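**Q**
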Amino acid sequence: MTNYEVMFIINPTLEDEKKDATVETVQSIIAADGEVGKVEVLGMKKLAYPIEKKEEGYYVVVEFQGNPTLPKELDRRLRISDNVMRHIIINKDEK
1 MTNYEVMFII NPTLEDEKKD ATVETVQSII AADGEVGKVE VLGMKKLAYP IEKKEEGYYV
61 VVEFQGNPTL PKELDRRLRI SDNVMRHIII NKDEK
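Just so you know, we're using this note's numbering here: the sequence shown kicks off at 1 and counts up by one.
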């Protein structure tokens, strides 16, 4: 299994329950085909540039292990999610 890390920014206007539900959804997508490692909720931070006319975002970083097809599926699901403004998936083993 390969080590990965995903960082995503959740829409800051959502209620806390929906933010938590989004984090849980990402964890369940990963757990279906891999192993969830450390989950770090960084909370509200100022964005480098406005996204969707918002100046802040709710940042979350999740480390995980999975097979090479897992990041593609995770990327697809995060792209269609209305709650996630931006995301990036990094292969930590590739240098």
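The beta-carbon is built from N, C-alpha and C at its ideal position, and this holds for glycine as well. Note that the structure is a prediction, hence the values are computed from the model and not measured.
1) Could you name the residues of the same chain whose beta carbon sits closer than 6 Å to that of I29, not counting the 5 residues immediately before and after it, in chain order?
2) Between Y7 and V61, which are expected to be in contact by the criterion C-beta below 8 Å, what is the C-beta distance as a whole number of angstroms?
3) Mind pulling the beta strand (DSSP E) runs of 3 or more residues that sit fully within the region 5-36?
4) Rank K92, N91, V84 by C-alpha distance to the C-alpha of T22 and give the top, closest one.
5) Buried or exposed for Y49, please, with buried defined as at least 16 other CB atoms from any protein chain shown within 10 angstroms of its CB.
6) Flag this pair as yes or no: are the beta carbons of V36 and F64 separated by less than 7 Å?
7) Applying the criterion that 16 or more other CB atoms from any shown protein chain within 10 Å of the CB defines a buried residue, is P68 buried or exposed?
8) State buried or exposed for I10, treating a residue as buried only when at least 16 other CB atoms are found within 10 Å of its CB.
9) Which residues does DSSP pair with R86 in a beta bridge?
10) For D33, which residues from the same chain have a beta carbon less than 8 Å from its beta carbon, with the 5 sequence-adjacent residues on both sides left out?
**A** From the atom records:
1) Translated into positions along the sequence shown, residue 29 becomes position 29. Only residues of its own chain outside the window of five on either side were considered, and among them L74, R77 have a CB closer than 6 Å to the CB of I29, listed in chain order.
2) Against the sequence shown, residue 7 aligns to sequence position 7. Against the sequence shown, residue 61 aligns to sequence position 61. The residue asked about is misnamed: residue 7 is Met in this sequence, not Tyr. About 5 Å separates the two Cβ atoms, so the contact holds.
3) If we require 3 residues or more, the region 5-36 turns out to have no beta strand (DSSP E) run fully inside it.
4) For this step, residue 22 is matched to residue 22 along the sequence shown. Taking the Cα of T22 as reference, the smallest distance to any Cα among K92, N91, V84 is reached at V84.
5) In the sequence shown, residue 49 corresponds to position 49, counting from 1. Label assigned to Y49: exposed.
6) Along the sequence shown, one-based indexing puts residue 36 at 36. Along the sequence shown, one-based indexing puts residue 64 at 64. Taking C-beta atoms as the reference points, V36 and F64 count as a pair closer than 7 Å.
7) Taking the sequence shown and counting its residues from 1, one reaches residue 68 at position 68. Classification of P68: exposed, given that the 10 Å Cβ count is below 16.
8) Numbered from its first residue, the sequence shown carries residue 10 at position 10. A residue is called buried when at least 16 other Cβ atoms come within 10 angstroms of its Cβ; I10 meets this threshold and is buried.
9) If you number the sequence shown from 1, residue 86 lands on position 86. Looking at the DSSP assignment, R86 forms a beta bridge with I9.
10) Position 33 of the sequence shown, counted from the first residue, corresponds to residue 33. Closer than 8 Å at Cβ, skipping near neighbours: G66, N67, T69, L70, E73.
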